[in-house]
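Asks:
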Amino acid sequence: MNFHVMTLFPEMIMQGLSSSILGRALERGLISLNAVNIRDYTLDKHKRVDDYPYGGGAGMVMSVDPVVRCYRAIFSEITRKGGQKEKKVRVIYLTPQGKTFTQEMAKELAEEEDLIFLCGHYEGIDERAIEMVVTEQISIGDYVLTGGELPVMVMIDAISRLVPGVLNNGNSAEFETFHDHLLEYPQYTRPEVYEGREVPEILLSGHHAKIEEWRRKQSILRTKEARPDLLGRAVQEGCLNKREMTFWRELEQGWE
Ligand code: 9D3
């Protein structure tokens, strides 16, 4: 998987993704990261990449030409390497106006050979640049950040771990969204008692079926508490067995 990022802060991207699991994946050549400075593609003598908005209003708008020229340079490089002439490469614009990023999208994007990302700054990008180069617009959630750089790092992290070999454990369960749409159960390791807090007795019992049942109940409880939307989906899609459905109905009725 080759990631290309058009940004005014390429060093932020390179630094943010060079550690830990992704650092190793980069070293092993499982993924590559090409952060390109849009400013390198301006023809303006003062290296300006933004201008005042037509029609007035606050702030500055990123100019169309540096973005288009930057995109064309990256696209040429991809097609040069790949050999093919007719090649579709998805170009993702990170913007609060986009569709919210999901695990489903990460899975789908992980199938691509190359992905190009465009990070915005200022009050946005000239709409013609979006029309000319962008294939889809994505947000990472409903909160306001200062730019698209952290969102692109979030997306690259989520996509990279789905690339074969990046997670060393060949565990395909790792590839699933949330197991059965439920949040994970609590985990414990030694010591058995810490400042008076005991590990739940059931986990020390060796009764594997009972432990599994307890863990599933914990998952259901946590999901009800933090993500009732996910629990609704789990129930709707028949992810709970008969006993678990009974447990869920009891919870819904507010019993203990
Ligand atoms: C929608 C608000 N805009 C009105 C002028 C201003 C604006 C605020 C913040 C424009 C861009 C940004 C910077 N954020 C992103 O570029 C961004 C983002 C985000 O802020 N939250 C979640 N996902 C994303 S993806 C890109």
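Sequential numbering from 1 applies to the sequence shown in the working numbering. Just so it is clear, CB atoms sit at the ideal spot from N, CA and C, and this is done for glycine as well.
(1) What do you reckon, is the C-beta of residue 144 under 7 Å from a heavy atom of the ligand 9D3?
(2) To the nearest angstrom, how far is it from the Cα of residue 25 to the Cα of residue 243?
(3) Look at the Cβ atom of residue 30, then the Cβ atom of residue 14, and state whether they are nearer than 8 Å.
(4) Which first and last residues belong to the alpha helix (DSSP H) in which residue 208 is found?
(5) Does the beta-carbon of residue 139, which I'm using as the reference point, lie nearer than 7 Å to any heavy atom of the ligand 9D3?
(6) Only counting runs of 3 or more residues, tell me where the beta strand (DSSP E) segments fall wholly within the segment 67–120, in order along the chain.
(7) DSSP three-state label for residue 158, please.
(8) Rounded to the nearest angstrom, what separates residue 40 and residue 102 at their Cα positions?
(9) Between the Cα of residue 250 and the Cα atoms of 226, 217, 236, which residue gives the shortest distance?
(10) Would you be able to state if there are at least three C-beta pairs under 8 Å between the segment 146–157 and the segment 90–101?
(11) With three or more C-beta pairs closer than 8 Å as the rule, is the segment 159–168 touching the segment 196–206?
(12) To which residues of the same chain is residue 132 closer than 6 Å at the C-beta, ignoring the five residues directly before and after it?
(13) With hydrogens ignored, establish whether the beta-carbon of residue 95 is closer than 7 Å to any heavy atom of the ligand 9D3.
(14) Considering only their Cβ atoms, is the gap separating residue 115 from residue 90 smaller than 8 Å?
(15) Would the segment 187–201 count as touching the segment 37–57 if we require 3 or more Cβ pairs under 8 Å?
(16) So residue 15 is in the beta strand (DSSP E); what residue range does that whole segment cover?
(17) From residue 109 to residue 62, what does the alpha carbon distance come to, in whole angstroms?
(18) Considering only heavy atoms of the ligand 9D3, does any lie closer than 7 Å to the CB of residue 165?
(19) Quick check on this structure: which residue in 97, 45, 196 has the alpha carbon closest to the alpha carbon of residue 148?
(20) Here's the rule: buried if 16 or more other CB atoms are within 10 angstroms of the residue's CB, otherwise exposed. What is residue 83?
(21) Of the choices 219, 145, 78, 182, whose alpha-carbon is the least far from that of residue 237?
(22) Alpha carbon to alpha carbon, how far is residue 81 from residue 128?
(23) Sort 150, 252, 160, 19 by Cα distance to residue 106 and report the nearest one.
(24) Please identify the residue among 5, 164, 197, 196 whose C-alpha is closest to the C-alpha of residue 73.
Replies: Reading from the atomic positions:
(1) yes
(2) 42 Å
(3) no
(4) 208–226
(5) yes
(6) 90–100, 114–119
(7) helix
(8) 32 Å
(9) 217
(10) yes
(11) no
(12) 68
(13) yes
(14) yes
(15) no
(16) Here residue 15 belongs to no beta strand (DSSP E); instead the alpha helix (DSSP H) covers 10–16.
(17) 26 Å
(18) no
(19) 97
(20) exposed
(21) 182
(22) 28 Å
(23) 160
(24) 5
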